[in-house]
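Reviewing the structure listed below.
In my numbering, the protein residues as written are 9 to 1180.
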């Protein structure tokens, strides 16, 4: 076969063939899969002469399973693909005494250098050495943090989430809400930045098998009880790591051992044990402004685990060959809904009588209503005159009546218009359960296999404090049942060659349902043509203005994320080189049917019952509930969805050489080749891009147009989008031991990040059909009796070709996107001090390019804003009557757009950049004298121009502030929203020095030990700055011209930033000063662009949190222990203040006001734990 490597079917086959050939040609070695560790060294005599052909044995202290190798001609030995854990290493050589070193701890991703020195003597003699776990790793060049079982089991953890402890590392910046860190909170747990890289650009694996989904989240978060360790890797200069910005979470599940072990644990939180929310307490406590009591909340959790050996018959391997570990964990939580006040029709209004809010004294005259407050009368939109007596009797639409009847009756006597008159109650009942299981079996002496299965199911209701079958706008039911399996095989081909083969499959269904599921809309009186077209049962989604609360929901329905993963690694030691090569295949998929608006949605306001009266200068005020009763929606829609199935197939191969040049210097040299042909849809029901240069006649016979939809497989277009092609990633790092206790390390690596995709049906134009009620005013032409007279139920698919969506908006993925790249580099020094203390000081940097940005490419050129109000003048519409263009004239601005046949065109382009620089200081203390400690401080600067991807909308940036002008991205380069200049974390455990085996009262009787012994104090503390505020302007005066945002104009010489405690700058009656000074800005008018950067030099509120726990161990027997646990989460009740989008706008009534918090108030949690 001739391989010319052009983009052709032959080239694609050649590329795949090349990947497999590289696997076997590059006869390599090293740490096999990334969840493993490695151990290497030199066998010498006491004088330093190497001892070739020495037999070295590595034995697990937990399972007693052993592996053997021999030292090569240089005396070097290597054990690759070693499961994390404690080991004993033994070396023998003819004429020398055997040496046995115990307590050797192998961690994920680390290479231990352990040189063995043999003394002359009989082989039957032996020398035993006890090894302490090295604090300073002199064999690897990357940064990271090991979260071992001691931290996992002892440190307080609000969500019992093993990934949560990643926040203790210098490299990590979390930006999710601290409330959402439970094991079913995949999105919240994955919204972090590592080493300055974009948010959610990391990779996750369990026992070496990837578990990252289409949205770049961990599909499943294992039970903390079932995890042996989590290794966070940052600045990883290993060719084995890919599809990440360099951040990697390697999770190792617990395996069974030679003896039976078990755990039973339960914890609870009760309402009266915790503190109240900050803003509940912030009220004055007067009759006019009473304090809000703490909402009822109860929480119960349980954990059970069991592990040990499985004795099998001899023909199946016998005893001490098979081990198991299982864990079951779950929780039940009840908490009140905090949003429970609504505006509903009064009993009189339900019957059409609006005399409470206005009195009609003539066809065009209105007087004060019976409530003595309002003067609101209802206009008949068909006559232009008031309804007699302000009563709609005789004109009520049957469907409108049923929608009004669906609201609960008011439980307040308030009749003022738009005033809340119903307060409902509901309690959220969350529940989740998770099972983790792992089976380990040794086949013969050369094959070790691990199998795991993880499952969790959860139910999260949004609640229904409106207390009706329709539910409120926030009512939903979220169901998840997630499964993940993995198989990992470690096969010793010969003493210096190892093969690892792994396979994994995971499935993550995310089903958000309406609570009204099953409701038949025929009972509301809708016509059968409409009801039969509904794609799901349920109450329609009703939206309204302030005169009436919304009812009904339109949730998205099911989306299923799943992936198939195959990984193989081959490792071999040759002289001073520990080599590895491998191949990775991942098919990452998502199937979804977006059911939003598929049960109909109708919007009501007072438009049709308000306005000018016939023959009078008077104007009617109107009422929202009246519009509903009359059956006249302002707008509405009914979507006919499409089921889409999208997949991206990722392949990679890598080469890695960990070269121990000298006993002091190790080089980590890696190279990775990746190929990802982009996303394709199973049936080609997808748009693969937007052709900006295509010229055609609109709908075949219409006027000419330039720019159109690229349908998969049509007009010569490909069948995939976002084709990243070939990617080449060199990496290099070093570790140099200045002495036995000091190491200098550093490196540089190129990483290709994944593109983040979501289940967006807008990417399938033509296959999703939307029936719309266009905005009604004046005399209505559409009523609820037949809301869609021209109802269509069959989508056109790709039949319209390039003309699809003419006259409306469009969302596409740019076909010319490039692979997002992150260059990561670091340099640092680490030294071990006495008392088991190690300190690291280092620099970490990173530079991103080709990062995706979501923009509107159909924006007016900013120079044309100089035309001013001329842009709104009416001109002929050459596309009139085509697509969604219904009018014969349009604004001049529409004709000046780059693609005047469309409204907005949202496109994802590759022009994002980022820069990160930091100084890191980390101190670790190994457990001694009862104390273990991990403290880290980071000073950093992070700048980027990312405005629409990689989690740019997060708790630090509730909106998407940009870009202001897509043709000038220079002003978008500013402080990143996750730029946290100073961050300090500390985690520690201190065992009080009293009781059995301790310094004080260590030899007293059992009663004394029962009282004073076994106490352990734990603390996890985080102190950090806030992020830069993305100040914006609430009113976008240029939105008509395609500008996504408009920023305010800074007034020279006026400082927008204020100092002082956030509690003193809340902007309310008790602290009237706002957080920032909105007087430093003026509102930028239409036809101009503001000069405020994307993010300001004013920083948001910082974050201080301390989670404390006090544990007491009770020794029942030598093997059985009971433990009492008391935890105080957010022990000092420090609020984490947050802004809403409108509070960050300088021109809104609540600009600079703080009225909400993230995270928890103080929670007290008590529990017990039994281990054996």
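The beta carbon of each residue, even a glycine, is placed where N, CA and C say it ideally should be. Remember, predicted model here, so these are calculated numbers, not experimental data.
Q. When you compare only the Cα positions, how much space is there between residue 1169 and residue 282?
A. Answer to the nearest angstrom: the Cα atoms are 7 Å apart.
- prompt: Near residue 799, what residues of its chain come up, given a Cβ to Cβ distance below 8 Å and the 5 sequence neighbours on each side ignored?
  reply: Result list for residue 799: 537, 538, 541, 646 and 779, in chain order.
> Hey, residue 342 and residue 436 are a contact pair by Cβ (cut 8 Å); roughly how many whole angstroms apart?
Replying inline: Contact between residue 342 and residue 436 holds: their C-beta atoms lie close to 7 Å from each other, under 8 Å.
| message | Would the region 248-267 count as touching the region 445-465 if we require 3 or more Cβ pairs under 8 Å? | response | Contact between the region 248-267 and the region 445-465 is present, because at least three Cβ pairs lie under 8 Å.
Could you give the distance in angstroms between the alpha-carbon of residue 755 and the alpha-carbon of residue 580? In a straight line, the C-alpha of residue 755 is about 23 Å away from that of residue 580.
| Separation of residue 1071 from residue 1145, as counted between CA atoms | For residue 1145 and residue 1071, the distance between alpha carbons rounds to 9 Å.
Original post:
Can you tell me whether DSSP reads residue 338 as helix, strand or coil?
Top reply: Of the three classes helix, strand and coil, the one that applies to residue 338 here is strand, per DSSP.
Expressed to the nearest angstrom, what Euclidean distance is found between the alpha-carbon atoms of residue 340 and residue 300?
Rounded to whole angstroms, residue 340 to residue 300 spans 25 Å at the Cα level.
Exercise. So what does residue 1001 bridge to, in DSSP terms?
Worked result: Bridge partners of residue 1001: none, in fact.
Starting from residue 109, trace the beta strand (DSSP E) both ways and give me its first and last residue. Per DSSP, the unbroken beta strand (DSSP E) holding residue 109 starts and ends at 106-114.
Checklist entry - Given a threshold of 16 other Cβ atoms within 10 Å of its Cβ, counted over all protein chains shown, does residue 1059 qualify as buried or as exposed? => result Exposed, since its Cβ has fewer than 16 Cβ neighbours within 10 Å.
Q) Cα-Cα, which of 88, 269 and 1134 is closest to residue 1024? A) Closest by alpha carbon: 1134.
### Message
Whether or not the region 571-587 and the region 632-649 are in contact is what I'm after, with contact meaning three or more pairs of Cβ atoms, one per stretch, closer than 8 Å; do they touch?
### Response
Cβ pair count under 8 Å is below three, so no.
- Query: Should the region 520-531 be regarded as contacting the region 483-491, the criterion being three or more beta carbon pairs within less than 8 Å?
  - Reply: Counting Cβ pairs under 8 Å, three or more are found: they touch.
Skipping 5 residues on each side, what residues in its chain have a beta carbon closer than 6 Å to that of residue 1118? 1025 and 1134.
Original post:
DSSP state of residue 160, grouped into three classes?
Top reply: It is helical.
Practice item. Would you please state the rounded distance, in angstroms, between the beta carbons of residue 43 and residue 231? I believe it to be under 8 Å. Key: Contact annotation, residue 43 with residue 231: C-beta distance approximately 17 Å; criterion of less than 8 Å not satisfied.
Exposed or buried, residue 711, counting other C-beta atoms within 10 Å across all chains shown (16 or more means buried)? When all chains shown are included, residue 711 counts as exposed.
Look at the alpha carbon of residue 237 and the alpha carbon of residue 45, and state the distance between them as a whole number of angstroms.
Approximately 12 Å, taken between the alpha carbons.
Notebook entry, point to check: Which whole-angstrom value is the C-beta distance of residue 687 and residue 654, which I expect to be below 8 Å?
Noted result: Right, the Cβ-Cβ distance comes to about 5 Å (below 8 Å), so this counts as a contact.
- Inter-residue Cα distance where the pair is residue 895 and residue 874: Each residue's alpha carbon lies about 26 Å from the other.
So, helix, strand or coil for residue 707, using DSSP? Shown here, residue 707 sits in a helix according to DSSP, grouped into three states.
Would you call the region 53-69 and the region 88-108 touching, i.e. three or more CB-CB distances under 8 Å? Yes, the region 53-69 is in contact with the region 88-108.
* Run through DSSP, which three-state label would residue 175 get? -> Of the three classes helix, strand and coil, the one that applies to residue 175 here is helix, per DSSP.
Q | Residues near residue 596 in its chain [Cβ-Cβ closer than 6 Å; skip 5 each side] | A | The answer, listed in chain order, is 222, 571 and 656.
Inset, instruction - Determine which residues share a DSSP beta bridge with residue 237 and list them. - result: Bridge partners of residue 237: 260.
* In chain order, which alpha helix (DSSP H) runs of at least 4 residues are fully inside the region 732-809? -> Here no run is fully enclosed.
On the CB-based measure, 16 or more other CB atoms within 10 Å of its CB, does residue 693 come out buried or exposed? Label assigned to residue 693: buried.
message: Restricting to runs no shorter than 4 residues, where is the alpha helix (DSSP H) found entirely within the region 872-936?
response: Every alpha helix (DSSP H) stretch that sits fully inside the region 872-936 and reaches 4 residues is listed by chain position as 900-904.
| request: Can you give me the Cβ contacts of residue 505 inside the same chain, cut-off strictly under 6 Å, excluding the 5 residues immediately before and after it? | output: Excluding residues within five positions, the ones whose Cβ falls inside 6 Å are 580.
Report buried or exposed for residue 1181, applying the criterion of at least 16 other Cβ atoms within 10 angstroms of its Cβ.
In the structure as shown, the chain begins at 9 and stops at 1180. Residue 1181 is therefore absent and cannot be evaluated.
Check: Can you tell me whether residue 920 is buried or exposed, with buried defined as 16 or more other CB within 10 angstroms of its CB?
Finding: Counting Cβ neighbours within 10 Å, residue 920 comes out buried, since at least 16 surround it.
*Helix or strand or just coil, what does DSSP make of residue 978?*
Residue 978 sits in a helix when the DSSP states are folded into three classes.
Identity of the residues DSSP links to residue 718 by a beta bridge: Residue 718 pairs with 697.
- Identify the continuous beta strand (DSSP E) that holds residue 497 and give its terminal residues. Residues 485-502.
Locate the beta strand (DSSP E) running through residue 571, then write down its first and last residues. Run containing residue 571: 565-582, per the beta strand (DSSP E) assignment.
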